[in-house]
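Chains as they are written, first to last, in this note's numbering: chain A, 13 to 479; chain B, 13 to 479; chain C, 13 to 479; chain D, 13 to 479.
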């Protein structure tokens, strides 16, 4: 069995992940020399305390010292690790269903563990490492003050400034780890939080912890009566944030990234690293502000930050994962709440859409389609053929990037990205254009060509997903 | 200064109540022999931890042992006191604004302290009782398991039973002490809680902790989209519960009392003690179910339960204060959540109004008016004159009760209660009738007569409040 | 591998017992229905916290709730289990070296798990029981008040009474779990404790946690200068107590048992259950006090108490294991400290030897010899032959008991017990007589005969141990 | 009433110091701007938890955050304050009887509060400072990891090195705050601790927490049998250490100071600040090692360190108060244990006297006498007359120091110090000489002259104390 997926460990309890494995994991991570002091936060899942205790026993068996922080958002694991030069651990399955759980690790500079470190753990966990001798065994402590420290540091990082009139913010914590942090941040910055699903509950009884557009968009109607400046929704461990405008609905992640890139570049010029699938709003904003965009493999932009060094990068991100390096080199959804709340209060605007407009963050038509092809083994050939046909299909691109799939950018500002999914047997097509018509036209052409190629190879498109 | 008001101590921080007074209070209550073991819960106010620590130091100075439970609803203080034969303490100002705080005390049988015990404390606190000698000093412990025990006991008391389909319940914890209890109760009983203001926050940033009709009635519109079976709203310490129907709005406290009286009498026949201002819905229901109604002084029905003995009483209550004796002799808003949730899931009805209809709980027109009269010293005479005129005004009553004001009940089912408020310089008139027209007529006649009497005595009606 | 030995689980860390096994043990014990609430105490070993956390994770995986009490003597596990109707667990290897650790279990009446329950666990632990589903997972709490409760209950059980003058007691806690309990008991009862090795230290740096006569007897010289009334020494988890007289040295366990039998019978008549190897001091005392002695298998007297029912038994015991049923059906070294301290203070005697004299507790010459025979497989035959020869060797016994080895009692008050050790390949001979000469004569005769038999069978006595 | 004495606050409970005063103290110290984060340790006294909770409530009322560390030695308050840039607080009455308690404060560099800061507190505490508003109130946390950090830092500061053979150290913690620290330090450095009075007990049942020579000297006899390398004895809060040689008995504080001065100067040259009453052993050692001695007011050497700056000073001290600046600018008895243990293990010597001999620490005859004179108001004149007569009495001194009393040093190496006690109505005479005879001669001459002067002034010597 493979432990690590695209974002740490996420497995089903108890079939794939149980206390026995958590113990082994603690022993393994504790034995590999990443640090002696561990800071463990966990989300609100019913299995999180169990896994924390078992993992802690494993760390002790390796000779390590664990500070169990208790329920706290994942960014706090990274924050603690950096502040106290230890290893940060978050016991969480992020936005997965309640029967899942998992682990994320952070090094003593606050970087999430890279693929290299993950594979080192993966390799050693099945080797049954030997515990240290009885006289070298570690200890466990329970300490919560780091939550206080994080909140105070974040508020002073953002800087509260008196706004004009009281503004309401709806915040949905997904019954997860941020319940005692994000609402408090909003209130401390001068906002008036209306909180929903902000009690800790590992059953996630009202909504899935995944911030899905269809689920969250209903909130715009529900809360229009209280005229919120924004509706925020976290996933279970608050590394992510969805933002909903009470009038216009769900705000695209691309625009959120562009907004934060602008804010970061206003303070300091430098590199902005984003995943291959992000759109041109970001490019325009970064160019305007005098920064440089670098695109990187989807799901691994944080590794690129570490490679380059956080001091060279002002912001990094991909949909749902935003790193603001002047705050820390980790993905942090609570930082997003803090900066957006503060901006909405400071700027005299009524709601988030108006803020993005005022900040001149473009909004272009964008879409994504995913194709499952049968038999699966022809996917590679189909992908290659499709790439070859692209020139005849849409003309000469101005720019081609192949770091993760093939991204073709055209002179009229439109672009297409064709990728093989890393987790599912799909070919994915992403596209953006300056008009809806053009976007539609591009996607239809590509789909037609794709189907043609599949048929030619004797295969069949089994399923198409939109968005 | 007077410490105790109509419901325990509630004073403004720090002008009226501070750490120094909390310490003295701990020393005094600890010295008066109510018990040696103290169980202290507190609400989410910013001053609650401070007052808990100071109070605990005072208890230690008296030789007592304190178990600090931490944030938990007031009913848990009573529950702990009874379960472990100690003194229960809740540090809370209930529904008061955030700059208030206070104390409620419970004896080892779970009864709230009576006026007798309160005046004993009041008398001794200014006497500066001497701490015990150094070798007799008490200790403090931090323990939360009693919260677990309360939740499990309550669920097994109510008994969960599989319902038909998932039902949604909106629950608003007022950012108070119930945040980790009531939502969990709903979910454990099979409901799907949509929680609002259920993160702990002593600033009460979205709404006042007082469950005011005008504030809460908006919820009916806000959440109609999710078709909840009921909308529940607690005050800050969850001894109270407001219930809102998503279609019909705020449910009158009289009908809630009648519903619980019915449930209690279905299990066991006995006495139902209610305050002087409750309406005829209750009388009808109790009579139907074979119970007996006793009316008592407003604000002190719990003392009457203690006098009579909880075993003789099946239910006691007044608006916002409901005691369900088979569960315990204390006011408990969480018990209300549990029983209503369970009933709504078990009975095949869509919402709370339908449940009350199905249970045949009447709904009669009711109103209340309050008159401030100047100069204040003529209030007594005016009250007496008005009572004298009542016969000529509305005819012969069938029944007169004078235990707290004068309540006159008429043959057509209507009734009037005239009272001098205990906390404000007001004369209050309560009335209920079978029709709105009749009710209006009664109130107009009384108001006219009252104004006439006031004028005759050379006074003036300064202010009239409705509802 | 076999988990359970003669007294719970005791294995070497980490070769035989590690966190992984502790987790499995928690899951197994939690799944077998002994109770849902667990109370876990642990001794001061360096591995005890680790094993407690791993075990607790296992209990949570089975759906159980664990109260982690922390460092506390083993008797507290039994006490908690009975008081709160749960399962008591002590993580300890009692008097073993610091690289060992283990587990003892108690049922909800306070009885140590019997061989039947142990074999049930043993059978199921290798079956890899399935954890409960995610929504049924248990929780862990940290709570220490039960230590307070134990101390207060024990003091009120013994009853403190003002003594004449201050008496000094030396108490050695073996750096173990009693460090914060036994000294406090002595002081609360009016004694003046001089504590040694009473800081918690899992390295046991000064002496082995085993209360060995040779180690402890030096204390008589060391502390004679402070004229203690007694010198007490616990093992690591305080189920045991060694008592040393400052003048006469080590007090025989037989006399301790006899003293406690006397005390128990003074309160209530009934059965006294002791192991097969105890001497006649006990018989004389019990007879005098109107009780009845029953002898039972060594190491399992507690099981016999459970069989018979604690209400039928006033005391049970064997060397190092004393159950005082009016206090509880578990072995408790702290109770011994309490009763002895209280008696020494109350009675106007200077030291423990004088107390035993005053209470008329006889002291007869006693000895024990152990023989290792090679080859091991002839031990059975040698044992049988020796038993056969006993009549010709020492004459007709008045009484023969064969419940565990063969015990022969003679008319002159002397007796012999011949046993095959259950844990080592030895034949053991125990004897007592009214005079040293007679004792010596008996032992020499038996040894001569034993050697003769061994030789005849072509074997060899490899080693003889005395005492 | 005056709060602060010669070493922080030390008052009788509850007459002079109770929870009410502790609350006020917390509020005052928290309001004066020394820092927002408080680290509170306390000793084992029965009143320490009470005072800690009340003080903490006061700090919260001032808006401060308190980390309650729990039972820990006073040096940990200073260590925490410096490490985390906060205010360190130790709730302790040091070596006073059990009915006393008190407070010591440390600033964010680890310096004990000076007379200036103390008088600022003293001045403000009776002014009844106003608590901050409800929304600015602070919080309290319970955290123990700083104890772990202190122990690890100290061990790595001293550096453990394998010794030759196991050496035994007797350590007496006075039932105080060091119980879980000093024994562990000895064991971690390779020693074998035999601990006495190392269980926490605020009754101090065996000996007074004051390390009195007469009480402790008996230990030499008691433990000679285990041939300890040294016998260590702390006071209640472990800022002090008494050292006893198992053969030669009590080691003079002067020699301890000289030993530490030597160790400090071996690492780095610099100033050594000592109180006016220390002897010539120190001067000789410091001169030999190339350092410079500065004498300062008794009881306030720590203030002089702060004035000069810790980087300029290698060691500072006075009897019972030793500051080792490369470790920290606070008085620390545990550091003394660590360095002495490490030296005794590393150097191949059998016991502490041999170590001092090997390190060439001189040992000169020394004595002290105190005179109470009646009427008290002539003390000043008598003191002045005596000083005037000194020249005619003992000849011309080589050197006179008048910073605290008058210290006269003579060419033959002898010296005399005449002081008016700061806490009692006494004149004190300290003297040292190279021979006992000379010392005796000096003291007799001075006493004769003193009596003569007193008589001449019409007064009377009421009491003479020796040593």
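Beta carbons are placed, not taken as given, at the ideal position from N, Cα and C, and that holds for glycine.
- Counting C-beta pairs closer than 8 Å gives fewer than three between the region 352–364 of chain A and the region 292–300 of chain A, which falls short of the contact rule.
- Positions of the beta strand (DSSP E) runs, each at least 3 residues long and wholly inside the region 132–191 of chain B, are given as 152–154 and 180–184 in order along the chain.
- Not one beta carbon of chain D lies nearer than 8 Å to the beta carbon of residue 111 (chain C).
- The continuous alpha helix (DSSP H) containing residue 345 (chain A) extends over residues 345–358.
- Contact holds between the region 329–338 of chain D and the region 268–276 of chain D, because three or more Cβ pairs, one in each stretch, are under 8 Å apart.
- Only residues of its own chain outside the window of five on either side were considered, and among them 13 have a CB closer than 7 Å to the CB of residue 28 (chain B), listed in chain order.
- Residues of the region 196–207 of chain D with a C-beta atom less than 7 Å from some C-beta of chain A do not occur.
- Here DSSP, grouped into helix, strand and coil, assigns residue 327 (chain C) to strand.
- According to DSSP, residue 52 (chain D) shares a beta bridge with D:80 and D:101.
- Looking at the backbone, the Cα of residue 76 (chain C) and that of residue 254 (chain C) are separated by about 37 Å.
- The Cβ neighbour count for residue 170 (chain C), taken over all protein chains shown within 10 Å, is at least 16; the residue is labelled buried.
- Per the C-alpha coordinates, the member of D:357, D:361, D:463 and D:433 positioned closest to residue 172 (chain D) is D:357.
- With the rule of 3 Cβ pairs closer than 8 Å, the region 454–469 of chain C does not count as touching the region 98–110 of chain D.
- By the C-beta density criterion, residue 292 (chain A) is buried, having at least 16 other C-beta atoms within 10 angstroms.
- When the Cα atoms are used, residue 217 (chain D) and residue 101 (chain D) turn out to be separated by approximately 26 Å.
- Excluding the 5 residues flanking it on each side, residue 266 (chain A) has same chain C-beta neighbours closer than 6 Å at 290, 291 and 293, in chain order.
- Contact between residue 99 (chain C) and residue 128 (chain C) is absent: CB atoms are separated by about 15 Å, not below the 8 Å threshold.
- In the structure shown, residue 96 (chain C) falls within a helical segment according to DSSP collapsed to helix, strand and coil.
- The continuous stretches of beta strand (DSSP E) do not include residue 14 (chain B), and DSSP gives it neither H nor E.
- Contact annotation: in the region 142–158 of chain C, residues whose CB is within less than 8 Å of a CB in chain B are 151, 153, 155, 156 and 157.
- Residue pairing by DSSP places residue 385 (chain C) opposite C:473 in a beta bridge.
- Across the structure, residue 322 (chain A) and residue 43 (chain D) are spaced so that their CA atoms are roughly 40 Å apart.
- In this structure, residue 232 (chain D) places its C-beta atom within 8 Å of the C-beta atom of residue 243 (chain D).
- Secondary structure of residue 246 (chain A) (DSSP, three-state): strand.
- Here the alpha carbons of residue 151 (chain B) and residue 161 (chain C) stand approximately 12 Å from one another.
- About 16 Å separates the Cβ atoms of residue 460 (chain D) and residue 382 (chain D), ruling out a contact at the 8 Å cut-off.
- For residue 291 (chain D), none of the residues of chain C pass the 9 Å Cβ criterion, the least Cβ distance being about 32 Å.
- Annotation for residue 114 (chain C): the continuous beta strand (DSSP E) segment containing it runs 112–118.
- Residue pairing for residue 254 (chain C): DSSP places it in a beta bridge opposite C:245.
- Around the beta carbon of residue 63 (chain A), 16 or more other beta carbons sit within 10 angstroms, so the residue counts as buried.
- Within 10 angstroms of the beta-carbon of residue 212 (chain A) lie 16 or more other beta-carbons, which makes it buried.
- Per DSSP, residue 448 (chain C) is not a residue of any beta strand (DSSP E); the alpha helix (DSSP H) it occupies stretches across 448–468.
- If you compare the alpha carbons of A:239, A:479 and A:433 with that of residue 452 (chain A), the shortest gap goes to A:479.
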